[in-house]
Amino acid sequence: MTDQMYQSLGISREVYDYSEKILSGLNDRFRKIDDIAEFNQLKVIKAMQDARVSAECFETSSGYGYNDRGRDTLEEVYANVFHTEAALVRPQITCGTHALAIALSANLRPGDELLSVSGKPYDTLEEVIGIRPSRGSLAEYGVTYAQVDLLPDGSFDFEGIRQAIRPQTRLVEIQRSKGYQTRPTLSVEQIGEAIAFIKNIRPDILCMVDNCYGEFVEPMEPGEFGADMVVGSLIKNPGGGLAPAGGYIAGTLSCIEQCAFRLTSPGLGREVGANFGVMQPFYQGLFLAPTVTAAALKGAVFAANIYEKLGFSVVPTGTEERHDIIQAIEFGFPEGVISFCKGIQAAAPVDSYVTPEPWAMPGYDSDVIMAAGAFVQGSSIELSADGPIKEPYAVYFQGGLTWPHAKLGIMMSLQKLYEKKLVKLPNDQKD
Ligand SMILES: *Cc1c(COP(=O)(O)O)cnc(C)c1O
Numbered sequence: 001m002t003d004q005m006y007q008s009l010g011i012s013r014e015v016y017d018y019s020e021k022i023l024s025g026l027n028d029r030f031r032k033i034d035d036i037a038e039f040n041q042l043k044v045i046k047a048m049q050d051a052r053v054s055a056e057c058f059e060t061s062s063g064y065g066y067n068d069r070g071r072d073t074l075e076e077v078y079a080n081v082f083h084t085e086a087a088l089v090r091p092q093i094t095c096g097t098h099a100l101a102i103a104l105s106a107n108l109r110p111g112d113e114l115l116s117v118s119g120k121p122y123d124t125l126e127e128v129i130g131i132r133p134s135r136g137s138l139a140e141y142g143v144t145y146a147q148v149d150l151l152p153d154g155s156f157d158f159e160g161i162r163q164a165i166r167p168q169t170r171l172v173e174i175q176r177s178k179g180y181q182t183r184p185t186l187s188v189e190q191i192g193e194a195i196a197f198i199k200n201i202r203p204d205i206l207c208m209v210d211n212c213y214g215e216f217v218e219p220m221e222p223g224e225f226g227a228d229m230v231v232g233s234l235i236k237n238p239g240g241g242l243a244p245a246g247g248y249i250a251g252t253l254s255c256i257e258q259c260a261f262r263l264t265s266p267g268l269g270r271e272v273g274a275n276f277g278v279m280q281p282f283y284q285g286l287f288l289a290p291t292v293t294a295a296a297l298k299g300a301v302f303a304a305n306i307y308e309k310l311g312f313s314v315v316p317t318g319t320e321e322r323h324d325i326i327q328a329i330e331f332g333f334p335e336g337v338i339s340f341c342k343g344i345q346a347a348a349p350v351d352s353y354v355t356p357e358p359w360a361m362p363g364y365d366s367d368v369i370m371a372a373g374a375f376v377q378g379s380s381i382e383l384s385a386d387g388p389i390k391e392p393y394a395v396y397f398q399g400g401l402t403w404p405h406a407k408l409g410i411m412m413s414l415q416k417l418y419e420k421k422l423v424k425l426p427n428d429q430k431d
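Its first residue numbered 1, the sequence shown is counted upward by one per residue in this note's numbering.
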């Protein structure tokens with residue numbers, strides 16, 4: 001019955017058989033992913049129970065938002081889940097970049113230096129920091145920037161970090177996910193080692209982790225290893241697909257208060273900020289986040305194995321341990337990237353009938369193709385893919401609110417490549 005359903009969606013017998021064969025080898029991987037989801041689900045429920053979440057927490061507030069119990073309780077839940085003293089979780093934080101910009105600008109002062117120890121930060125942060133000159137950047141406010149690259153094997157350059165720490169070094173940034181680079185993603189344990197190393201040299205240096213795409217992939221979060229701030233977007237993992245917008249910063253009470261005075265206003269801080277009725281999806285999204293993240297991870301592992309066994313280079317590999325939900329597949333030719341994205345789009349619940357095409361986009365030096373049929377605009381915890389049309393013709397994809405949808409999306413991507421005769425399936429060779 002299920003195979004007929006796949007057929008009615010446009011999946012051929014050949015693609016179906018190949019996919020099922022790959023899947024039959026992934027039972028152990030999937031079980032481990034489910035085990036982590038189980039642990040994280042319990043962690044979230046415990047945090048909600050301890051904070052005495054009640055139906056009242058879902059009520060809308062307006063105006064100043066004084067005494068917003070839903071907002072304050074949600075922030076307590078986040079602090080519990082991320083093992084920090086406090087948190088800011090708000091619809092007024094517009095996205096991940098904004099959350100990071102708040103965390104940085106709130107805790108740095110003119111003359112301070114920001115040090116990135118995981119190499120070049122995520123693209124949008126270049127303008128926040130002023131690596132690319134930009135209005136309102138930290139550089140304009142007299143905050144300097146230094147960077148230590150990761151070693152060729154992707155690990156921290158501890159000697160380089162020691163040398164880069166100067167008297168004016170105030171805050172260290174560590175980016176957990178590789179984002180759209182080819183380095184490996186850092187594990188929470190590795191991040192913990194770097195924090196311990198830095199705090200051992202200068203305990204007063206603040207350690208901030210860009211946690212985007214990493215939440216709930218592992219049983220532990222960077223707050224458990226002494227991170228002063230852990231920052232991310234609610235339209236990625238922790239929003240569970242339900243949060244319609246928003247960002248979070250979890251951290252020490254003193255860092256979070258600094259952030260609140262920057263987000264709202266000096267003197268007002270955390271006391272203001274209406275919730276506009278988003279509390280119920282914020283809570284419910286966090287509740288779903290561990291299993292949604294697991295679905296996305298299964299999709300990533302499935303895709304890595306599907307394409308690796310067809311001879312394409314994939315990052316991470318089909319057998320590597322995962323520390324974020326992003327999967328890169330290198331096709332080496334433009335039609336591979338294009339067909340892949342068309343398949344992801346064709347499998348979407350929303351906008352499945354539109355055909356994505358490569359296009360010039362601001363901030364990119366080549367045409368880019370993007371596929372997303374999302375309930376929330378730009379949500380990348382929902383199944384989505386994009387790739388610049390340039391060497392090495394790699395596609396980056398992530399998300400999937402449910403495992404069956406992620407599976408269909410990847411099968412559909414393969415179907416599109418197969419129809420264009422861009423891949424040969426192993427079972428073809430028999431006939
Ligand atoms: C997505 C992402 C960001 C920025 O988040 P937006 O919500 O797109 O602004 C920052 N850092 C990393 C590593 C990311 O993956």
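Think of the CB as a built atom: it goes at the ideal place given N, C-alpha and C, for glycine as much as any other residue.
Since we're looking at a predicted model, the values are computed, not measured.
Checklist entry - Using a Cβ-Cβ cut-off of 7 angstroms (strictly less than) and excluding sequence neighbours within five positions of D50, which residues of its own chain qualify? => result The beta carbon of D50 sits closer than 7 angstroms to the beta carbons of N80 from its chain, once the five residues preceding and following it are set aside; these are given in chain order.
Next on the checklist: With a threshold of 6 angstroms on Cβ separation, who are the neighbours of V77 within its own chain once the five nearest residues in sequence on each side are excluded?
Outcome noted: A47, M48 and A51
Checklist entry - For K430, does the count of other Cβ atoms within 10 angstroms reach 16, so buried, or fall short, so exposed? => result Interpretation of K430 is limited by its pLDDT of 49, a score under 50 that renders its predicted location unreliable; the figure taken from the coordinates is listed afterwards. Under this definition K430 is an exposed residue.
Checklist entry - When the Cα atoms are used, what is the spatial distance from D228 to G269? => result If you take the alpha carbons of D228 and G269, they lie about 18 angstroms apart.
Checklist entry - So L108 is in the alpha helix (DSSP H); what residue range does that whole segment cover? => result Run containing L108: none; DSSP gives neither H nor E here.
Item to check | Backbone CA spacing between K416 and V315 [nearest angstrom] | outcome: 21 angstroms
Checklist entry - Under the criterion of a Cβ to heavy atom distance below 7 angstroms, does D210 qualify as lining ligand 1? => result Under cutoff, so the answer is yes.
Next on the checklist: Counting C-beta neighbours from all protein chains within 10 Å, is the total for Q4 16 or more, i.e. buried, or is it exposed?
Outcome noted: Here Q4 is exposed. Its C-beta has fewer than 16 other C-beta atoms within 10 Å.
Checklist entry - Pick from D68, E127, L42 and I33: whose alpha carbon is nearest that of F276? => result D68
Checklist entry - Any contact of the segment 283-295 with the segment 29-40, i.e. 3+ C-beta pairs under 8 angstroms? => result At 8 angstroms Cβ cutoff, the stretches touch.
Item to check | Local conformation of D149 per DSSP, three classes | outcome: coil
Item to check | Residues of its chain near F397, where Cβ-Cβ distance is below 6 angstroms and the 5 sequence neighbours each way are ignored | outcome: Excluding five sequence positions before and after F397, the CB atoms of its chain that fall closer than 6 angstroms to its own CB belong to Q327 and A385, given in chain order.
Checklist entry - Does ligand 3 have even one heavy atom less than 7 angstroms from the beta-carbon of G246? => result Looking at this structure, you won't find ligand 3 anywhere; what it does contain is ligand 1.
Checklist entry - What are the complete alpha helix (DSSP H) segments, minimum 4 residues, inside the segment 6-49? => result DSSP runs (the alpha helix (DSSP H)) wholly in the segment 6-49: 13-24.
Item to check | C-beta contact flag for G70 and F58 at 8 angstroms | outcome: yes
Item to check | Beta-carbon proximity of V188 to F225, cut-off 8 angstroms | outcome: yes
Item to check | Close-in-space but distant-in-sequence residues of the same chain around F375 (CB under 8 angstroms, 5 per side omitted) | outcome: Once the five neighbours on either side are set aside, the close Cβ partners of F375 are G241, P349, V350 and E382.
Checklist entry - Where does G232 fall in DSSP's three states? => result Shown here, G232 sits in a strand according to DSSP, grouped into three states.
Item to check | Between the CA atoms of T317 and G192 - distance to the nearest angstrom | outcome: 24 angstroms
Item to check | Heavy atom of ligand 1 within 7 angstroms of Q415 beta-carbon | outcome: no
Checklist entry - Straight-line CA distance for G119 to Q181? => result Taken atom to atom, the span from the alpha-carbon of G119 to that of Q181 is near 10 angstroms.
Checklist entry - Rounded to a whole number of angstroms, what is the C-alpha to C-alpha distance between L104 and E391? => result 34 angstroms
Next on the checklist: Could you pull the DSSP bridge partners for C207 from this structure?
Outcome noted: V172
Checklist entry - Quick one: is T319 buried, meaning 16 or more other Cβ sit within 10 Å of its Cβ, or exposed? => result exposed
Checklist entry - Within 10 angstroms of its Cβ, does K43 collect 16 or more other Cβ (buried), or is it exposed? => result K43 counts as buried, since at least 16 other C-beta atoms from the protein chains shown sit within 10 angstroms of its C-beta.
Next on the checklist: Let's test the definition: count the other Cβ atoms within 10 Å of the Cβ of K407 and tell me whether it reaches 16, buried, or not, exposed.
Outcome noted: buried
Checklist entry - Got a sec: does ligand 1 put a non-hydrogen atom nearer than 7 angstroms to the Cβ of G96? => result G96 Cβ: within cutoff of ligand 1.
Checklist entry - Under 8 angstroms between C-beta atoms, does R135 make it to chain B? => result No chain B appears in the structure shown, which is made up of a single protein chain.
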